[in-house]
Amino acid sequence: MVYKVNDLMYAASEELANNIRTDITFNEPVNEKLLCMAVNTAIKRFPYFAVKLVRNGENYVMEHNTEPLIITCGTVGAALGSAENNFHLFSVTYDTDTVHIYTSHYITDGNGLFPFIRTMSYLYFHELYPDEGFDTENIALPDSTIPSLEATDDPYPAEPLPCEPVVDTKRPQEILKLNDLLEARDKEKVCTSLRLNIKAKEMMNYISSVDGSPATFVASLMYKTISDLHPESHLPVVCGMQHQFRKALGNPYSHMCHVNIVPMVYPDRLRKRGIEMLNTMSRGMLMLRASSENDMLTVNAHIKNSKKLAGMTLGEKHEIMRQVVKDGIGENTFEVSYTGRVPWCGLEKHIRSAAPYIDLSLSGGLSIEIFSVGDRFDINIMQWGSSRRYFEHFCRLLSECGIKFTAKTPFSFELCGISLPT
Numbered sequence: 358m359v360y361k362v363n364d365l366m367y368a369a370s371e372e373l374a375n376n377i378r379t380d381i382t383f384n385e386p387v388n389e390k391l392l393c394m395a396v397n398t399a400i401k402r403f404p405y406f407a408v409k410l411v412r413n414g415e416n417y418v419m420e421h422n423t424e425p426l427i428i429t430c431g432t433v434g435a436a437l438g439s440a441e442n443n444f445h446l447f448s449v450t451y452d453t454d455t456v457h458i459y460t461s462h463y464i465t466d467g468n469g470l471f472p473f474i475r476t477m478s479y480l481y482f483h484e485l486y487p488d489e490g491f492d493t494e495n496i497a498l499p500d501s502t503i504p505s506l507e508a509t510d511d512p513y514p515a516e517p518l519p520c521e522p523v524v525d526t527k528r529p530q531e532i533l534k535l536n537d538l539l540e541a542r543d544k545e546k547v548c549t550s551l552r553l554n555i556k557a558k559e560m561m562n563y564i565s566s567v568d569g570s571p572a573t574f575v576a577s578l579m580y581k582t583i584s585d586l587h588p589e590s591h592l593p594v595v596c597g598m599q600h601q602f603r604k605a606l607g608n609p610y611s612h613m614c615h616v617n618i619v620p621m622v623y624p625d626r627l628r629k630r631g632i633e634m635l636n637t638m639s640r641g642m643l644m645l646r647a648s649s650e651n652d653m654l655t656v657n658a659h660i661k662n663s664k665k666l667a668g669m670t671l672g673e674k675h676e677i678m679r680q681v682v683k684d685g686i687g688e689n690t691f692e693v694s695y696t697g698r699v700p701w702c703g704l705e706k707h708i709r710s711a712a713p714y715i716d717l718s719l720s721g722g723l724s725i726e727i728f729s730v731g732d733r734f735d736i737n738i739m740q741w742g743s744s745r746r747y748f749e750h751f752c753r754l755l756s757e758c759g760i761k762f763t764a765k766t767p768f769s770f771e772l773c774g775i776s777l778p779t
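Be aware that the sequence shown starts at 358, since it is given in our numbering, and climbs by one per residue.
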């Protein structure tokens with residue numbers, strides 16, 4: 358079986374690996390034998406993830422990879438696409454009680470990856486607790502039929518969609534950059550994760566009272582954090598809000614990466630506004646900028662790029678797509694991503710936390726991932742360097758909102774790289 362690659366794959370390089378790591382922490386130590394069984398059984402239900410990248414002339418294609426996924430002990434595994442990883446673009450490691458799942462953001466996103474995580478977790482815990490009843494209605498079981506809309510490797514229409522943009526989604530030419538974190542990138546060369554957990558009810562009670570959403574609330578808090586810590590700057594702050602455009606594409610089940618980076622622009626005149634006003638404004642801004650009409654622009658841009666790439670050399674494709682990716686992600690002050698409230702189907706009773714980690718080489722220096730497990734939100738603030746000043750100010754604002762949280766011990770993290778065929 359051969360799959361067409363998402364054009365985003367042509368942006369991949371050692372410097373722009375753009376891999377995702379998702380940590381699933383169990384309530385007890387990981388059983389390696391059960392994990393190996395669960396991973397290699399689950400991947401059969403998701404054959405489009407069991408692939409290897411192959412060069413075919415001036416193009417990349419993905420071929421089905423029949424070799425098993427290698428499960429290793431540790432935090433960071435071998436590079437995706439490398440011989441040490443059986444050439445898979447998918448990798449799983451474990452460390453004590455935590456499973457680390459690596460894949461390429463050029464292949465999938467959080468919404469595309471989560472069904473695999475749920476199936477893998479179900480197979481693991483069903484084997485561990487065979488007498489426990491799990492709700493399997495929304496779990497893709499290994500022998501279940503794969504819907505064609507989910508499996509398709511080319512969900513885009515042949516021609517651009519007719520649309521009239523609601524608002525302009527361009528960002529200002531000059532914005533506030535977090536130079537302290539970018540300097541730390543060059544000096545310390547360390548990525549730090551600063552995490553906190555909040556009970557969902559605790560956070561949602563407040564958010565609903567100020568007309569917000571988890572994503573816009575966190576964006577508003579971080580905007581206020583940044584503006585408070587940079588009183589000397591009068592440049593606009595831009596949050597790159599990750600937003601999926603599957604609905605505009607007409608394929609809500611696609612497994613591929615369909616992330617649109619929506620620029621949320623906070624001009625300097627909003628500096629003195631309170632959280633309630635910022636929430637209302639952020640929610641309205643996101644609704645306008647992430648409307649179906651504007652999402653169609655992203656679909657159309659993909660179609661335009663695909664036509665432009667046709668007939669180009671592999672080197673030219675790399676150059677163009679790297680610039681497309683950099684322009685979309687790396688030109689913001691900070692980023693926020695929220696996968697949404699995901700159904701764990703009862704598996705959450707065995708899972709203590711879950712948190713995604715991203716490649717900060719594409720970041721403005723600070724990125725926030727919001728994930729949910731059961732009755733908890735896991736907010737993962739990732740940044741270059743070891744400074745805690747953004748995190749501590751963010752936590753102070755949370756406390757001022759009356760929201761209780763549990764801060765985790767900060768730690769440095771790294772992601773595996775990617776090996777491309779020649």
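Where is the CB? At the ideal position from N, CA and C, for every residue including glycine.
These numbers were taken from a predicted model, which means no experiment stands behind them.
Answer yes or no: do SER720 and GLU692 have a C-beta to C-beta separation smaller than 9 Å?
In contact: SER720 and GLU692 (Cβ atoms closer than 9 Å).
Give the list of continuous alpha helix (DSSP H) stretches no shorter than 4 residues that lie fully inside the region 728–772.
The region 728–772 contains these whole alpha helix (DSSP H) runs: 746–757.
Do the region 427–436 and the region 448–468 make contact, defined as three or more Cβ pairs closer than 8 Å?
Contact between the region 427–436 and the region 448–468 is present, because at least three Cβ pairs lie under 8 Å.
State the beta-bridge partners of VAL456 as determined by DSSP.
DSSP output for VAL456 lists ILE381, TYR451 as bridge partner(s).
State the Cα-Cα distance for the pair LEU426 and MET638, rounded to the nearest angstrom.
Taking the straight line joining both Cα atoms gives about 46 Å.
How would you label ARG475, buried or exposed, when you count the other beta carbons within 10 angstroms and need 16 or more for buried?
ARG475 comes out buried.
How is the alpha helix (DSSP H) around VAL396 delimited, first residue to last?
Run containing VAL396: 389–399, per the alpha helix (DSSP H) assignment.
What's the C-alpha gap between PHE406 and LYS361?
Those two C-alpha atoms are separated by around 13 Å.
Is ARG679 near the ligand PLP, in the sense that its beta carbon is under 8 Å from a heavy atom of that ligand?
Questions concerning the ligand PLP fall outside what the structure shown contains, since it holds no ligand whatsoever.
Nearest-angstrom Cα distance between GLU489 and LEU578?
Those two C-alpha atoms are separated by around 41 Å.
Using only the alpha-carbon positions, how far apart do ASN397 and PHE734 sit?
So the alpha carbons of these two residues sit roughly 29 Å apart.
Could you give the distance in angstroms between the alpha-carbon of TYR580 and the alpha-carbon of LEU754?
Straight-line Cα distance between these residues: approximately 11 Å.
ASP652: buried (16+ other C-beta within 10 angstroms of its C-beta) or exposed?
Looking at its Cβ environment, which holds 16 or more other Cβ atoms inside 10 Å, ASP652 is buried.
Have a look at VAL359 and MET419 and give me their C-alpha separation to the nearest angstrom.
Distance between the alpha carbons of VAL359 and MET419: 6 Å.
One question on the structure: do ARG542 and TRP701 come within less than 9 Å of each other, judged by their Cβ atoms?
It is not a contact, given that the beta carbons lie outside the stated cut-off.
I'd like to know whether the C-beta atoms of TYR463 and ASN608 end up nearer to each other than 9 Å.
Taking 9 Å as the Cβ cut-off, TYR463 and ASN608 do not qualify as a contacting pair.
Would you mind reading off the limits of the beta strand (DSSP E) that contains GLU692?
Looking at the DSSP string, the run of the beta strand (DSSP E) that includes GLU692 is 691–695.
Please state whether DSSP places PRO790 in a helix, a strand or coil.
Residue 790 cannot be examined here, being either before or after the span of the chain that is shown, 358 to 779.
With burial defined as no fewer than 16 other Cβ atoms inside 10 Å of the residue's Cβ, what is the status of TYR417: buried or exposed?
Per the 10 Å Cβ criterion, buried.
Which of the three DSSP states, helix, strand or coil, is assigned to THR493?
Coil, per DSSP.
Would you list the one or two residues that DSSP bridges to ILE708?
DSSP, once it has assigned bridges, lists PHE383 as partnering ILE708.
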